[in-house]
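> Just dropping this structure here.
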Amino acid sequence: MPEQQTNKPSVPYSSRGEFTHRVWIVISCVLGTAIILLLIWFGADILLLLFTGILLAIFLRTLSNWIQEHTRLGKIPSLILVITLLILLLGGAGWLMAGPISEQFNELSNQIPTAIDKIRHHLAQYPWGQKLIEPITSDDILPRARTILGQAKGIFSVTFTAITGFFLIIFIGLYLAMNARLHINGFIKLFPVNKRPRAREVLGDVGSLLQRWIIGQLVSMTIIGLVTGIGLHFVGVPLAGILGFLTGFLDFIPLVGPFIAGTISVLLAFLMSPTKALYVLLLFVALQFLESHLLIPIVQKKAAELPPVLTLIAMVLFGSLFGFMGVLLATPMLAVIMVLIKKLYIEDVLGDREPGPEPATSPSIPRPPESQPQ
1 MPEQQTNKPS VPYSSRGEFT HRVWIVISCV LGTAIILLLI WFGADILLLL
51 FTGILLAIFL RTLSNWIQEH TRLGKIPSLI LVITLLILLL GGAGWLMAGP
101 ISEQFNELSN QIPTAIDKIR HHLAQYPWGQ KLIEPITSDD ILPRARTILG
151 QAKGIFSVTF TAITGFFLII FIGLYLAMNA RLHINGFIKL FPVNKRPRAR
201 EVLGDVGSLL QRWIIGQLVS MTIIGLVTGI GLHFVGVPLA GILGFLTGFL
251 DFIPLVGPFI AGTISVLLAF LMSPTKALYV LLLFVALQFL ESHLLIPIVQ
301 KKAAELPPVL TLIAMVLFGS LFGFMGVLLA TPMLAVIMVL IKKLYIEDVL
351 GDREPGPEPA TSPSIPRPPE SQPQ
């Protein structure tokens with residue numbers, strides 16, 4: 001009687017080994033991600049300083065490259081000229097404006113409590129206004145109002161940590177600006193040889209985006225500050241110059257900055273009359289509309305196409321995680337994350353590539369010279 005053979009499915013040894021290998025890959029990815037997140041969490045301050053230094057380096061390289069293209073100066077002389085001009089410009093502006101700005105800040109901080117008290121008195125004349133201000137006492141408002149501008153100036157208070165961070169940012173920015181190619185090539189070598197061209201391309205896109213964002217942000221802040229100061233002057237609001245400067249400076253923080261500057265301006269205009277406060281409110285609404293629908297599309301172009309809701313969420317998230325610096329850097333960090341998601345996940349993993357011309361290399365992300373065959 002022939003032996004009865006049983007056809008039992010068996011798992012080949014190679015398949016078991018492949019399964020075990022994949023399990024270890026998953027475990028390694030999870031552990032690696034956890035370690036990276038822990039390093040980011042505990043080294044957040046250093047990473048934020050490094051990111052700020054990179055932004056400074058891109059800004060300096062952009063200006064020096066422009067000078068280098070339009071003059072006969074080399075890379076290092078152009079960079080030295082840019083640094084010298086910036087020091088003279090900032091030093092001269094600080095020497096001329098430090099006194100008047102400090103006096104106007106003090107006057108502004110003294111007038112804000114008076115404006116709040118006048119608003120409360122005006123609202124108390126109406127039944128709905130009494131219900132609105134009933135839970136709020138002057139003991140709650142006035143002490144906080146007196147510290148609004150003090151806190152704004154206190155951002156730049158001279159502390160050991162602030163000075164250390166400031167000089168560290170300057171050092172990182174200057175060092176990266178002078179040795180950009182060396183550090184870029186060193187970072188690219190961390191990737192496998194067959195992935196290095198793609199890594200350089202993605203890094204170039206990130207650098208180009210940050211370059212356009214910096215230029216667009218500076219132009220936008222300057223225009224908004226000047227137009228606000230001129231508009232407030234014609235409306236007849238006191239301290240129009242300092243309010244324009246404050247509006248331009250706070251415009252660096254999307255959504256929140258203009259709201260703070262507009263609130264302060266409306267309060268001061270209310271000291272004169274509710275009608276002027278309404279004019280100032282309409283001025284800021286019109287400026288925000290023009291900035292969102294005209295200025296940003298023209299100046300920024302495709303620098304950072306971010307939905308306002310996503311920007312606000314990023315500001316809240318980064319602010320809760322990293323504090324004030326997280327709020328300041330929320331927009332450029334979000335823009336970088338969006339580029340990485342688009343390039344590394346949507347295009348490389350999902351294969352959804354948009355047809356178009358080859359991406360241009362950013363001046364801040366130089367390509368190495370092509371090697372000639374031996």
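At position 250 of the sequence shown the residue is numbered 250 (the UniProt record's numbering), and the sequence of numbers has no breaks.
C-beta atoms are modelled at their ideal positions from N, C-alpha and C, and glycine is treated no differently.
1. Check for me: the alpha helix (DSSP H) holding G231 runs from which residue to which?
2. For residue 375 and S208, what's the separation of their Cα atoms in angstroms?
3. Rounded to whole angstroms, what is the Cα-Cα separation between residue 404 and P77?
4. Measuring alpha carbon to alpha carbon, tell me which of G92, G216 and I224 ends up nearest F289.
5. How would you write the range of the alpha helix (DSSP H) that W327 sits in, first residue to last?
6. Should F59 and M333 be called a contact, given that it needs their Cβ atoms to be closer than 8 Å?
7. Grouping DSSP H, G and I as helix and E and B as strand, with all else coil, what is K342?
8. Could you spell out the range, first to last residue, of the alpha helix (DSSP H) harbouring K276?
9. I need the DSSP call for Q125, collapsed to helix, strand or coil.
10. Since L243 is in the alpha helix (DSSP H), which residue starts that stretch and which ends it?
11. Taking the C-alpha atoms as reference points, what is the distance between V158 and F167?
12. Rounded to a whole number of angstroms, what is the C-alpha to C-alpha distance between L142 and D205?
13. Work out the CA separation of T247 and T114 for me, nearest whole Å.
14. Assign N179 to one of three DSSP states: helix, strand, or coil.
15. Below 8 Å between beta carbons: does that hold for F270 and K118?
16. With DSSP as the reference, label K189 as helix, strand or coil.
17. Check whether the Cβ atoms of Y279 and V227 sit closer than 8 Å, and answer yes or no.
18. Using CA coordinates, which residue listed in L287, V23, L268 and P254 is at the minimum distance from I313?
19. Around the Cβ of N194, are there at least 16 other Cβ atoms within 10 angstroms (buried) or fewer (exposed)?
Based on what the coordinates show:
1. Run containing G231: R196 to V235, per the alpha helix (DSSP H) assignment.
2. The displayed coordinates of the chain run from 1 to 374. Any statement about residue 375 would go beyond what the structure contains.
3. With the chain running from 1 to 374 in the structure shown, residue 404 is simply not present.
4. Closest in alpha carbon position to F289, among G92, G216 and I224, is I224.
5. The question names Trp, but residue 327 in the sequence shown is Val. Taken as a continuous stretch (DSSP letters only), the alpha helix (DSSP H) holding V327 covers F324 to L328.
6. F59 places its beta carbon 8 Å or farther from that of M333.
7. Helix, per DSSP.
8. Run containing K276: P274 to L290, per the alpha helix (DSSP H) assignment.
9. Q125: coil per DSSP, three-state reduction.
10. That run of the alpha helix (DSSP H) goes A240 to L250.
11. Note on V158: pLDDT 45, under 50, position unreliable in the model; the coordinate value appears next. Those two C-alpha atoms are separated by around 13 Å.
12. In this prediction, L142 has a pLDDT of 49, which is less than 50 and means its spatial position is unreliable; what the coordinates show is noted afterwards. A direct Cα-to-Cα measurement between L142 and D205 gives close to 49 Å.
13. Put simply, the backbone Cα of T114 is about 21 Å away from that of T247.
14. If DSSP states are grouped into helix, strand and coil, N179 belongs with coil.
15. The beta carbons of F270 and K118 sit closer together than 8 Å.
16. Three-state result, K189: coil.
17. Not a contact, by the Cβ cut-off of 8 Å.
18. The shortest Cα separation from I313 among L287, V23, L268 and P254 belongs to P254.
19. Answer is exposed; the Cβ neighbour count stays below 16.
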